[in-house]
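One structure below.
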Amino acid sequence: MYRLAGRRKGEGHRAICRSRRAEAAREVRRREALRRPGRPRERSFARGFRRHAALPWPRGCRAAKRRFAVPMIVRRLTFILPTLALTGVTAALAYPPMAANGFGLADALMLLLLVLSSGYVTAQSWQVVLGLLHRAFAGRKGDQGAGEVDCSRLAVVMPICDEDVAGVFGAVAAIRRSMRDAGLAVAPVFVLSDTRSLARAEAEETAFAATRAETAGLPELRYRRRAVNARRKAGNIAEFCERHGDAFEFMLVLDADSVMSGATIRRMAETMAADPKLGLVQTLCFPARRLTLFARIQQFAARLYAPLHTEGMTFWTGGDAIYWGHNAMIRVQPFREHCELPILAGRPPLGGEILCHDVVEAAFLRRAGWEVRMLPDLDGTWEDMPSNTLDFAQRDRRWCQGNLQHLALLAEKGLTWPFLFHLVNGIFAYASAPVWLLFLIVGTLQYASQPAASVGGGADTLLAPAVAAPVLFGLSLTVIFLPKVLSIALTLADRRRRRAFGGAGPLLASAIAETLFGILWNPMSLVFYTGFVVATLAGRTVAWDPQHRTDRGVGWGEATRRHRWHMAIALLWGALVWRLDPAVFWWMSPLFAGLLLSAPLTVLSSRMSLGLAAARLRLFLTPDETEPAPELLSLRAETAKVEALLAEAPSAEGTARASVPRAAPAGRWPSHLEPAEALR
2 MYRLAGRRKG EGHRAICRSR RAEAAREVRR REALRRPGRP RERSFARGFR RHAALPWPRG
62 CRAAKRRFAV PMIVRRLTFI LPTLALTGVT AALAYPPMAA NGFGLADALM LLLLVLSSGY
122 VTAQSWQVVL GLLHRAFAGR KGDQGAGEVD CSRLAVVMPI CDEDVAGVFG AVAAIRRSMR
182 DAGLAVAPVF VLSDTRSLAR AEAEETAFAA TRAETAGLPE LRYRRRAVNA RRKAGNIAEF
242 CERHGDAFEF MLVLDADSVM SGATIRRMAE TMAADPKLGL VQTLCFPARR LTLFARIQQF
302 AARLYAPLHT EGMTFWTGGD AIYWGHNAMI RVQPFREHCE LPILAGRPPL GGEILCHDVV
362 EAAFLRRAGW EVRMLPDLDG TWEDMPSNTL DFAQRDRRWC QGNLQHLALL AEKGLTWPFL
422 FHLVNGIFAY ASAPVWLLFL IVGTLQYASQ PAASVGGGAD TLLAPAVAAP VLFGLSLTVI
482 FLPKVLSIAL TLADRRRRRA FGGAGPLLAS AIAETLFGIL WNPMSLVFYT GFVVATLAGR
542 TVAWDPQHRT DRGVGWGEAT RRHRWHMAIA LLWGALVWRL DPAVFWWMSP LFAGLLLSAP
602 LTVLSSRMSL GLAAARLRLF LTPDETEPAP ELLSLRAETA KVEALLAEAP SAEGTARASV
662 PRAAPAGRWP SHLEPAEALR
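First residue of the sequence shown: 2, per the working numbering; consecutive thereafter.
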């Protein structure tokens, strides 16, 4: 199906992996033996470093916690078996109403689509339950395994391509200062540019020279720009490894919008140094700093719901965790040896160079015997996010194409089954949309084709009056909303974390408002993602251009153009269902309302003024707004300094920044949240 240069197979490959692990273990023992007698072991810098990423069990229940070691096979069975069981129960409950008047081809298709969709949703929901159980009973083991780090063997790399120059070097400056404070001043920072615009490249060089001039004990800053942008980001990182790989043991990979604290970076390096089998560690990075209503809702949801989900995934994946391509630390040598990407057979969009390469690189690293782990309890790691629904969808359009390419990798030999799950999960994150939409369309057509006498309450209708139907409906609601309820309950039970979200009242009000927004937004995403999948399978490619990273508002004209099909579908589909049965129409009204209101929802949620108004009402507050980290507080000042510098160099700034949409003028942050004003 495709070629992969330098691939090893069979027992020889496994023997090599065992030999390398043994050699790494001997090296760790040798270093321990060289330590001076009586020398106290250096205390981990980041010991106890946790702010809000971790969700501690309520204090009143701490005495009930106990540490226990669950074998990995048991952990994975606790994920697989309940997921399959709940999916089977869903199918069993759905079958009687469908088969009441005969089980035809349309019924079989609907049942298959329902099983696929419910299986995907159940897997995500059950991971949250596992995350809660793990936090409840496992406790925390601290940093007992932290190892000593030679910081000069650590490199921080930030690949960029036609990005906002001030934003990039402002983040670099904030990261360097935090690294200095964490004792990582000898670890160099590399800005690896693939920028194609000559004017923007000139601006990057101007900003680099000014940023590098500020030493004051800061880590060394290096900059290089490739003349040929071969293989995009993957090629950029590969070129760095070939040129500098022998000089470094670890590299921290960042995105152009990444910000990390020095304490977190050091903790990651200590974790890798303590485990010679560890090839990659990934952190849970949170979106922050955007002020539009849409962005603040998403930042709130990520802060509130993501930790438990990631904790559950970490529980059962172990050394087969996911890699997201940034805010992660990698052992350089095995990455160089085993992570060369294949060229997929065929033409784009499904063939050619792999676009979403991060999970593939991690799968190859794991196949070679190196562990890939998630550190879900680390804070101090952030990223930007699209500020409106259209930019969010545009980013997902690229990711959709990249994830569908992974279909060609499912038959690759040697991949562990958890990584096959990661690949399938990424594919179905987008393929689930056409599956759900097809289920609804087939159900509507089947309902319309029934004899008039059986339409009102026949046993094979979508909302049959059989006992199984309401039970199935209740089970579906439980699976969908249980993750939210558990995350909210655990946050309310922890006083410090509850206060970081503004208190119990604002937290509950924000969660309800976020849920209502999601009910209206999901139908829009359903149609968007279905179109993305169909377009990709039809052979339509998408350009991998830099994304908007500012608070961009959407006008009514743009929103109407982009959502005209959504509104047309709502009117036609809603009219058909209303004519068939008004009762069914009201059951499906959230779907129709979300599509019909898609344009106003996009326009209004892109407004920074509404985002700030919500903050004044203490809605959608996050720990990054109520208790901002020093790195976020310094980021705005550093970015402003670079902007002022570029403004004095019109030849670079005038052209380089003209093509980058800028944020709208910032509104006034609520006075009672004044510390967070610097996040703008």
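Cβ atoms here follow ideal geometry from the backbone N, Cα and C, with glycine treated the same way.
Identify the residues that DSSP records as bridge partners of ARG225: which are they?
Beta-bridge pairing links ARG225 to LEU193.
Apply the 10 Å Cβ neighbour rule to ARG177 and answer buried if 16 or more other Cβ atoms are within range, or exposed otherwise.
ARG177 should be labelled buried.
Rounded to the nearest angstrom, what separates THR537 and LEU410 at their Cα positions?
17 Å
Does the beta-carbon of TRP418 have 16 or more other beta-carbons within 10 angstroms, so that it is buried, or is it exposed?
exposed
Could you pull out every residue in the same chain whose Cβ sits closer than 6 Å to the Cβ of TYR530, ignoring the five residues on either side in sequence?
TYR431 and ALA434
Measuring straight from C-alpha to C-alpha, what distance separates GLU243 and PRO335?
12 Å
Per DSSP, what kind of secondary structure is ARG67 in: helix, strand or coil?
With a pLDDT of 42 at ARG67, under the threshold of 50, the modelled position of that residue is not reliable, and no figure is offered here.
Can you find at least 3 beta carbon pairs, one from the stretch 350-366 and one from the stretch 302-315, that sit closer than 8 Å?
no
Once you ignore the five residues that flank VAL333 on each side, which residues in its own chain have a CB closer than 7 Å to its CB?
CYS242, GLY246, PHE249, GLU250, PHE251 and MET252
Compare the Cα-Cα distances from GLY326 to each of GLY320, ARG337, GLY347 and LEU281 and report the closest residue.
LEU281
Note down the Cα distance separating GLY459 from LEU596, rounded to an integer number of angstroms.
With a pLDDT of 45 at GLY459, under the threshold of 50, the predicted position of this residue should be treated as unreliable, though the coordinate-derived value follows. Inter-residue distance for GLY459 and LEU596 is about 29 Å (C-alpha atoms, whole angstroms).
When you compare each of ARG565, ILE161 and GLY504 to PHE621 by their alpha carbons, which one comes out closest?
For the residues ARG565, ILE161 and GLY504, the minimum Cα distance to PHE621 belongs to GLY504.
Counted within 10 angstroms of its Cβ, other Cβ atoms place LEU82 as buried (16 or more) or exposed:
The residue in question, LEU82, is exposed, as its Cβ has fewer than 16 Cβ neighbours within 10 Å.
Can the beta-carbon of ALA204 be found closer than 8 Å to that of LEU636?
In this structure, ALA204 sits away from LEU636, with a CB-CB distance that is not shorter than 8 Å.
Using 8 Å as the threshold, is the C-beta distance between ARG76 and TRP317 below it?
yes
Could you round the C-beta distance between ASP385 and ARG550 to whole angstroms and report it? I think they count as a contact, below 8 Å.
5 Å
On the three-pair Cβ rule with 8 Å, is the stretch 542-549 touching the stretch 147-159?
no
Where does PRO57 fall in DSSP's three states?
Note that PRO57 scores a pLDDT of 46, beneath 50, so its modelled location is shaky; the value from the coordinates is reported in the next line. Of the three classes helix, strand and coil, the one that applies to PRO57 here is coil, per DSSP.
GLY506, buried or exposed, once every other Cβ within 10 Å from all chains shown has been counted against 16
exposed
Taking the CB atoms as reference points, tell me whether THR390 and PHE295 lie closer together than 8 Å.
yes
Measure the CB-CB distance between LEU351 and GLN300 and report whether it falls below 8 Å.
No, they are not a contact pair.
8 Å contact criterion, which ASN237 and ARG227 should meet: CB distance rounded
About 7 Å; that satisfies the 8 Å criterion.
Straight-line Cα distance separating SER262 from ARG498
20 Å
Assuming contact is defined by CB atoms lying nearer than 8 Å, are LEU85 and LEU476 in contact in what I supplied?
No. Outside cutoff.
Look at the alpha carbon of GLU628 and the alpha carbon of ASN426, and state the distance between them as a whole number of angstroms.
34 Å
In the DSSP assignment, what residue or residues form a beta bridge with THR531?
DSSP, once it has assigned bridges, lists no residue as partnering THR531.
So, helix, strand or coil for LEU279, using DSSP?
strand
What does DSSP give as the partner residues of GLU626 in its beta bridges?
Looking at the DSSP assignment, GLU626 forms no beta bridge with any residue, so it has no partner.
Can at least three beta-carbon pairs, one atom from the stretch 186-206 and one from the stretch 105-121, be found at a separation below 8 Å?
no
Identify, in the order they occur along the chain, each residue of the same chain with its Cβ nearer than 7 Å to the Cβ of ALA231, setting aside the five sequence neighbours on each side.
Around ALA231: no qualifying Cβ.
Going by other Cβ atoms of all chains shown within 10 Å of its Cβ, with 16 needed for buried, is GLY558 buried or exposed?
exposed
Can you give me the start and stop residues for the beta strand (DSSP E) that VAL254 sits inside?
251-254
Is the beta carbon of ILE489 less than 8 Å from the beta carbon of ALA510?
no
Evaluate ASP546 with the Cβ neighbour count: other Cβ atoms within 10 Å of its Cβ, from every protein chain shown; 16 or more gives buried, anything less gives exposed.
Exposed is the call here.
I want to know whether the stretch 577-587 touches the stretch 182-197 - three or more CB-CB distances under 8 Å.
no
With a CB to CB cut of under 7 Å and the five nearest residues on each side skipped, what residues in its chain are close to THR640?
ALA167, GLY168 and GLY171
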